[in-house]
Amino acid sequence: MRSTKKTRALGQVLALSFVLGAGGCVVLGYNFDKKPPDSCERTADCPGVDSDCGKRACTEGVCTYVEVKDAGEKPLGQPRDDCQDVTCDGKGLAVSKPAPLEVPLPGDECAVGQCFDGTPLVVPKEKDTPCGKDGALACDGAGFCAGCTMPSECGDDNLCLKWSCTEGICIGAYEPVGTILADTVKGDCMAEACDGAGGIDQIPYPMDAADDMNPCTADICKGTTTEHENAANGTPCETGCRACTDGVCGECSEGTTCVAEVCVSNGAQPVGSACAGPADCKTGFCIDNICCESACAEDCMGCGNTTTGQPNGICAPALDNTNPGGRCEGLDVCIGGTCRCENGVLDGNELKVDCGGTCAPCKGTWVCNGTSGCGAPVAKCCAFDCIGCDDETAACFELQNTPCFIGENPKTFTGGTFWDICAKCNRMTCLCQ
234 MRSTKKTRAL GQVLALSFVL GAGGCVVLGY NFDKKPPDSC ERTADCPGVD
284 SDCGKRACTE GVCTYVEVKD AGEKPLGQPR DDCQDVTCDG KGLAVSKPAP
334 LEVPLPGDEC AVGQCFDGTP LVVPKEKDTP CGKDGALACD GAGFCAGCTM
384 PSECGDDNLC LKWSCTEGIC IGAYEPVGTI LADTVKGDCM AEACDGAGGI
434 DQIPYPMDAA DDMNPCTADI CKGTTTEHEN AANGTPCETG CRACTDGVCG
484 ECSEGTTCVA EVCVSNGAQP VGSACAGPAD CKTGFCIDNI CCESACAEDC
534 MGCGNTTTGQ PNGICAPALD NTNPGGRCEG LDVCIGGTCR CENGVLDGNE
584 LKVDCGGTCA PCKGTWVCNG TSGCGAPVAK CCAFDCIGCD DETAACFELQ
634 NTPCFIGENP KTFTGGTFWD ICAKCNRMTC LCQ
């Protein structure tokens, strides 16, 4: 079974949370507005991570937020289907409150999204609700469109969805949310991508920055616009002993010497300069080919402005939806400075928190239809097709509560009986949950 509860994470996931007493609001992030304040020597000493509502900073030895958005402004990357409304509080933090209209996308026509006290739910539609292409099939009451004999009866395929018909059940294979399909407009920091529910959407695309053709600037997507930051001092430019210094191509920069028409490190390059290895830097840390202020060893942290969007040399979270150096495993990406499959939030195409989809498999158990155990078989008149066939429905009871991996196809058991004037096909469906 494929979970259709598609709750994307807030674009910047913050490290801690605490509940405010009134209004059911939750503050997301680390609160620096307290006494005594957190002391620091540099930004990396401050707890939490940056968000679109504010960036951490060490100012006069005290942790605080800078680049603070006004109260009520919505941060970038807010989910549209998680039953929550997130706004900035004017102090650098994000505040979330229930939003009953922000229902989850079920991703299946036999299920419907609902909000319950701010919690997204996906529930099955009533049995026999029309489904499939042209409404020719019927929902089975367990969230599946049933009665197909071929995939074309389930619906039309597209780049983000492929249908199959498995034991009479329509199964949709959905491409993960964020799967890039096309970059139709170069340099707009956007691209067409799958929404995880079989649809196509425009999403921010950090790899689509507009190139100003200047070797001494780095082109960085921030939201849907490109900003041209200074390349690291010491970045080669033009020919001969020429290197970038504060965004301008000129003589060899500090910490380098001209040797045989090439600017060569003398092992004393300051923080924020280009480097080839630790020996080039005063600090001894060369991260992303930039002399870094610290070891900056976490998987989703970086020191170069093209990796983080922050000034060169500052250890900061990697840009969302990137995977710097491939340090997040498999197809995973960074969100809010943490690999998405490790961030404790149900986002992307995960089936449960931090597992399923492109993350590690989720363990579950087989659960059969009915209100008590497997319940009674569901009988359907099927003429003479099942006369004399073996009754397999007892196997449902054997499968109940045994281990499985969520995402497996449902298992359907059938058995033939002869009631009244027509044959009956008993069917029982077991789901991995």
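Under my numbering, residues 234 to 666 are what the sequence shown spells out, in order.
Here a beta-carbon is modelled for each residue, glycine too, at the ideal position from N, C-alpha and C.
Since the model is a prediction, treat every value here as computed from it, not as a measurement.
Thinking C-beta only, is Thr276 closer than 9 Å to Ile639?
Against the sequence shown, residue 639 aligns to sequence position 406. Against the sequence shown, residue 276 aligns to sequence position 43. In this structure, Thr276 does not lie closer than 9 Å to Ile639 by Cβ.
So what does Tyr298 bridge to, in DSSP terms?
The residue you call residue 298 lines up with position 65 of the sequence shown. DSSP, once it has assigned bridges, lists Arg289 as partnering Tyr298.
Tell me, to the nearest whole angstrom, how far the beta carbon of Pro363 is from that of Ala371; I am working on the premise that it is less than 8 Å.
As a first step, residue 363 must be located in the sequence shown, where it is residue number 130. As a first step, residue 371 must be located in the sequence shown, where it is residue number 138. Correct: roughly 6 Å between the Cβ atoms.
Just to confirm the assignment, what range does the alpha helix (DSSP H) spanning Asn538 have?
Working through the sequence shown from its first residue, we reach residue 538 at position 305. Run containing Asn538: Asn538 to Thr541, per the alpha helix (DSSP H) assignment.
For Pro437, does the count of other Cβ atoms within 10 angstroms reach 16, so buried, or fall short, so exposed?
Your numbering for residue 437 matches position 204 in the sequence shown. Flag for Pro437 reads buried.
Would a check of beta-carbon distances place Glu425 closer than 9 Å to chain D?
The chain inventory of the structure shown lacks chain D, comprising one protein chain alone.
Indicate whether the contact test is met: 3 or more Cβ pairs, each with one atom in the region 592-603 and one in the region 542-560, closer than 8 Å.
no
When the distance is taken between beta carbons, is Ala476 closer than 9 Å to Glu462?
As a first step, residue 462 must be located in the sequence shown, where it is residue number 229. As a first step, residue 476 must be located in the sequence shown, where it is residue number 243. No. Outside cutoff.
Would you decide whether Asn538 is buried or exposed? Buried here means 16 or more other CB atoms lie within 10 Å of its CB.
Position 305 of the sequence shown, counted from the start, is the residue given in the question as residue 538. Buried, by the Cβ-count rule.
Do Asp314 and Ser329 have their C-beta atoms closer together than 9 Å?
By one-based count along the sequence shown, residue 314 stands at place 81. By one-based count along the sequence shown, residue 329 stands at place 96. No, the pair does not count as a contact, with Cβ atoms beyond the cut-off.
My understanding is that Ala549 touches Gly535, with C-beta atoms under 8 Å, so please give their C-beta distance in whole angstroms.
In the sequence shown, counting from the first residue as 1, residue 549 sits at position 316. In the sequence shown, counting from the first residue as 1, residue 535 sits at position 302. The Cβ separation is near 7 Å, so the contact holds.
If distances are taken between C-alpha atoms only, which option among Lys366, Lys419, Thr417 and Ala375 comes closest to Trp396?
Taking the first residue of the sequence shown as 1, we reach residue 396 at position 163. That would be Lys366, whose Cα lies nearest to the Cα of Trp396.
Is the beta carbon of Gly388 less than 9 Å from the beta carbon of Gly405?
Here residue 388 refers to the residue found at position 155 of the sequence shown. Here residue 405 refers to the residue found at position 172 of the sequence shown. Cβ atoms of Gly388 and Gly405: closer than 9 Å.
Rounded distance between the beta-carbons of Gly305 and Cys321, thought under 8 Å
Residue 321 sits at position 88 when you count from the first residue of the sequence shown. Residue 305 sits at position 72 when you count from the first residue of the sequence shown. Contact flag correct, Cβ pair sits at about 7 Å.
Contact between the region 515-532 and the region 438-446 (3+ Cβ pairs under 8 Å):
no
How would you call Gly577, buried or exposed, if buried means at least 16 neighbouring beta carbons within 10 angstroms?
Locating residue 577 in the sequence shown gives position 344, counting from the first residue. Its Cβ having fewer than 16 others within 10 Å, Gly577 is exposed.
Report the three-state DSSP secondary structure of Lys366 (helix, strand or coil).
The residue labelled residue 366 in the question sits at position 133 within the sequence shown. Looking at Lys366 - three-state DSSP - the assignment turns out to be helix.
Can you find the residues in the same chain that come closer than 8 Å, C-beta to C-beta, to Cys564, ignoring five residues on each side of it along the sequence?
As a working mapping, residue 564 is identified with position 331 in the sequence shown. Looking at the sequence shown, residue 564 is not Cys but Leu. Cβ within range, chain order: Pro409 and Thr591.
Indicate, with yes or no, if the ligand COA has a heavy atom lying under 8 Å from the CB of Ala426.
The ligand COA is not among the ligands present in this structure, which contains no ligands whatsoever.
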